[in-house]
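Just so we're aligned: the sequence shown equals residues 0 to 385 in numbering that gives the first Met the number 0.
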Amino acid sequence: MELPLLTRLLEGQEQLRRALAQVLALDYLGALLGSLALPLLLLPWLGLLPTAALLALVPLLCSGALCWAFPGLRRWRWPVAAALPLAGVAALLVAPLGDRVEDGLYDDPVIGRLQTRHQRIVLTRRRDDLRVYLDGNLQFSSVDEYRYHEALVHPAMALHGRPRRVLLLGAGDGLALREILRWPDLQRVDLVELDPAMLRLARRHPLLRRLNGASLDDPRVHVHVGDALALVPGLPGRYDVIIADFPDPATPALARLYSLGFYGRLLGRLAPGGLVVTQASTPFFTPRVLASIQATFEALGLDTRPYSVTVPSFGPWGFVLAHRPTATLAAGDLPFQARWLDRAQLRHLFDLPRDLRPGPGEPVEPNRLVLPVLVDYQRQSRWRSD
Numbered sequence: 000m001e002l003p004l005l006t007r008l009l010e011g012q013e014q015l016r017r018a019l020a021q022v023l024a025l026d027y028l029g030a031l032l033g034s035l036a037l038p039l040l041l042l043p044w045l046g047l048l049p050t051a052a053l054l055a056l057v058p059l060l061c062s063g064a065l066c067w068a069f070p071g072l073r074r075w076r077w078p079v080a081a082a083l084p085l086a087g088v089a090a091l092l093v094a095p096l097g098d099r100v101e102d103g104l105y106d107d108p109v110i111g112r113l114q115t116r117h118q119r120i121v122l123t124r125r126r127d128d129l130r131v132y133l134d135g136n137l138q139f140s141s142v143d144e145y146r147y148h149e150a151l152v153h154p155a156m157a158l159h160g161r162p163r164r165v166l167l168l169g170a171g172d173g174l175a176l177r178e179i180l181r182w183p184d185l186q187r188v189d190l191v192e193l194d195p196a197m198l199r200l201a202r203r204h205p206l207l208r209r210l211n212g213a214s215l216d217d218p219r220v221h222v223h224v225g226d227a228l229a230l231v232p233g234l235p236g237r238y239d240v241i242i243a244d245f246p247d248p249a250t251p252a253l254a255r256l257y258s259l260g261f262y263g264r265l266l267g268r269l270a271p272g273g274l275v276v277t278q279a280s281t282p283f284f285t286p287r288v289l290a291s292i293q294a295t296f297e298a299l300g301l302d303t304r305p306y307s308v309t310v311p312s313f314g315p316w317g318f319v320l321a322h323r324p325t326a327t328l329a330a331g332d333l334p335f336q337a338r339w340l341d342r343a344q345l346r347h348l349f350d351l352p353r354d355l356r357p358g359p360g361e362p363v364e365p366n367r368l369v370l371p372v373l374v375d376y377q378r379q380s381r382w383r384s385d
């Protein structure tokens, strides 16, 4: 609609051909600015409903500009001018409704919310159950998060025996870091987190800080903010254990963090005898995700050990541990008492049940940067009903 109107506006000033060129240039420029402003500025700073209310005012403002630009529309000037303040008041009334709508999406009362450049963070609480949601997906429940984080961290640390240097990717909430810091010989942890707002929240929110044991303030922890794919090659030294706790590979942007190219970079940061472990979604519903991650590590010549643990708020959850074939693994003892994991659990942890593996008719390929098959595997839930 805007193209004929802008052409009409400009054709009286210049030749039609030049006017059309200007109109198309302005149209493309406006589309570029709008496509950048929406995800980078409007949604992160205003939220969904305030952004929608603001954008709803744009056509009215354009209508007012046209009424003043074209003499034939002069009689509509004052009606449009009168509608502008009414529309502004309506936008101010509608914008706060977003929080009330969002509250209805969660079972427990919402006690905090934060829109960052990268994600929407929501905190809920009912009695002792504190839950954190990222973009509407449950990140953890304080009631059972220890099962997930003990399973993520301690098997690799125990099989190494005496880890001194650890690289932690993701996990900006500080909970996996809390478990890493329990190892007595630990000297340094490098934490790579994309969202600085998540780090600030984990440091400052009293409930989160108590839950993670103020782990982000430990002097052995060195925080690096940015994209792990870009930061990993420049990190100092090599690591005894590398732990990746990224969101599920539901999009190509996330799937690249589970790719052959990225795992090759991790392999370059691994010390002799070192181990890598990553979360691998829920193998009960998406067994090909875990199997593809395993195949990706194996394509690099690594030995793998898939395993799973039941987390009540999540269900069965999968992990893949990988190491060079020449690595000498320890017996797998914990030098402290964990809440759930012990030597007996470790002994049977790697016995992955048959129903958590892909069936004969479910082929699996390694995940690559140029061919992110994990996105399709993540969407093709085994038990999904259409």
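Even glycine gets a Cβ: it sits at the ideal position worked out from N, Cα and C.
Computed from a prediction, not measured in an experiment: that's the story for all the values here.
Rounded separation between residue i and residue j - CA only
i: residue 304; j: residue 153; result: 14 Å
i: residue 141; j: residue 289; result: 25 Å
i: residue 174; j: residue 148; result: 7 Å
i: residue 346; j: residue 315; result: 18 Å
i: residue 280; j: residue 63; result: 52 Å
i: residue 339; j: residue 248; result: 27 Å
i: residue 66; j: residue 291; result: 60 Å
i: residue 372; j: residue 60; result: 45 Å
i: residue 332; j: residue 144; result: 21 Å
i: residue 223; j: residue 265; result: 16 Å
i: residue 102; j: residue 84; result: 29 Å
i: residue 236; j: residue 49; result: 46 Å
i: residue 225; j: residue 275; result: 20 Å
i: residue 136; j: residue 312; result: 12 Å
i: residue 24; j: residue 260; result: 39 Å
i: residue 307; j: residue 293; result: 13 Å
i: residue 233; j: residue 242; result: 17 Å
i: residue 183; j: residue 367; result: 37 Å
i: residue 378; j: residue 68; result: 51 Å
Local conformation of residue i per DSSP, three classes
i: residue 170; result: coil
i: residue 318; result: strand
i: residue 384; result: Reliability fails at residue 384, whose pLDDT of 45 lies under 50, so the model's placement of it is uncertain and the value that follows must be treated cautiously. Coil.
i: residue 325; result: coil
i: residue 131; result: strand
i: residue 260; result: helix
i: residue 305; result: strand
i: residue 375; result: helix
i: residue 271; result: strand
i: residue 364; result: coil
i: residue 277; result: strand
i: residue 358; result: coil
i: residue 214; result: helix
i: residue 350; result: coil
i: residue 123; result: strand
i: residue 190; result: strand
Integer-rounded CB distance, given that residue j should sit under 8 Å from residue i
i: residue 176; j: residue 215; result: 7 Å
i: residue 258; j: residue 285; result: Between residue 285 and residue 258 the Cβ distance is about 17 Å, and since that is not below 8 Å, they are no contact.
i: residue 172; j: residue 138; result: 7 Å
i: residue 162; j: residue 185; result: 7 Å
i: residue 262; j: residue 299; result: 6 Å
i: residue 328; j: residue 210; result: So it is not a contact: roughly 31 Å between Cβ atoms.
C-beta atoms of residue i and residue j nearer than 9 Å
i: residue 268; j: residue 301; result: no
i: residue 356; j: residue 282; result: yes
i: residue 198; j: residue 113; result: no
i: residue 179; j: residue 156; result: yes
i: residue 254; j: residue 374; result: yes
i: residue 151; j: residue 318; result: yes
i: residue 256; j: residue 229; result: no
i: residue 164; j: residue 187; result: yes
i: residue 326; j: residue 297; result: no
i: residue 309; j: residue 146; result: yes
i: residue 204; j: residue 272; result: no
Touching or not, the region 165-173 and the region 189-198, by the rule of three or more beta carbon pairs under 8 Å?
-> Enough Cβ pairs lie closer than 8 Å, so yes.
Would you call the region 99-113 and the region 122-129 in contact, with 3 or more CB pairs under 8 Å?
-> Yes, they touch.
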